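Q: Numbered continuously in this note's numbering, the sequence shown closes out at residue 1313. Note that beta-carbon positions come from the ideal geometry of N, C-alpha and C, so glycine has one too. Keep in mind that this is a model prediction, so the values were computed, not measured. Below are the structure tokens for one structure; questions will follow.
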Amino acid sequence: MTPTIQTIQEKKLIGKHIIMSLVNNKTFELWKNFMPVRSQVKDTIGSDLYSMQVYDDNYFENFNPAAEFKKWAALEVIAFDTVPDGMETYILPGGKYAVFHYIGNPENGAEVFGYIFKEWLPSSGYELDNRPHFELLGSKYKNGDPKSEEEIWIPIK
């Protein structure tokens, strides 16, 4: 998997988040709560879903699978004029990202992210930047399908 390097501008997101860890994975619960109410988010930019992780500053320095982080399910919006009840806003900072096009089942996530962080990143000439990581789930994303496609966005500098 060879990424493309892309620079994005700041983005406005509306969605829901949950605090979890890799050991105590609550991703299913988050999306189960978000999907039935996502149509309440108005003034969206496109229909892509953001599955975003916001980590503490030293999360990757002393990696611990039990360390907690914020996991978001969100949509990009033009403005924060109308925020549905039970949802929150988040400003995703702009910056440079390594973007990996992934085809396959989410069950292979550990292998994919292992490659990104243990093989690609150390030999890339880039460093991990302290900004949110996210997966962009577009029209070709099919949860649980081995032909599902998504983009994995890793912040770099």
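Alpha carbon to alpha carbon, what distance is there between ILE1247 and GLU1224?
A: Their backbone Cα atoms lie some 20 angstroms apart in a straight line.
Q: Please report the straight-line C-alpha distance between ARG1285 and LYS1303, rounded to a whole angstrom.
A: For the sequence presented, residue 1285 should be read as Asp rather than Arg. Roughly 30 angstroms between the two C-alpha positions.
Q: Out of curiosity, what's the CA-to-CA distance linking GLU1263 and ASP1301?
A: Distance between the alpha carbons of GLU1263 and ASP1301: 10 angstroms.
Q: How far does the beta strand (DSSP E) with PRO1311 in it reach, from first residue to last?
A: That run of the beta strand (DSSP E) goes 1305-1311.
Q: What residues match up with LEU1277 in a beta bridge as DSSP calls it?
A: DSSP, once it has assigned bridges, lists no residue as partnering LEU1277.
Q: If you measure between the beta carbons of GLU1267 and SER1207, is that distance less than 9 angstroms?
A: Cβ distance not < 9 angstroms, so GLU1267 and SER1207 don't count as in contact.
Q: Going by C-alpha distance, which of ILE1308, GLU1217 and LYS1167 is nearest GLY1260?
A: For the residues ILE1308, GLU1217 and LYS1167, the minimum Cα distance to GLY1260 belongs to ILE1308.
Q: If I'm right that TYR1253 touches ILE1312 with Cβ under 8 angstroms, what's the distance once you round it to whole angstroms?
A: 6 angstroms between Cβ atoms; contact.
Q: Which two residues bound the contiguous beta strand (DSSP E) that contains ALA1266?
A: No beta strand (DSSP E) contains ALA1266, which is instead part of the alpha helix (DSSP H) from 1265-1270.
Q: Have a look at GLU1244 and GLY1294 and give me their C-alpha separation to the nearest angstrom.
A: Spanning the two alpha carbons is a distance of roughly 21 angstroms.
Q: Here's the rule: buried if 16 or more other CB atoms are within 10 angstroms of the residue's CB, otherwise exposed. What is PRO1288?
A: So PRO1288 ends up on the buried side.
Q: Reducing DSSP to helix, strand and coil, say where THR1160 ends up.
A: Of the three classes helix, strand and coil, the one that applies to THR1160 here is strand, per DSSP.
Q: To which residues of the same chain is MET1157 closer than 6 angstroms at the C-beta, ignoring the five residues directly before and after it?
A: The residues are PHE1256.
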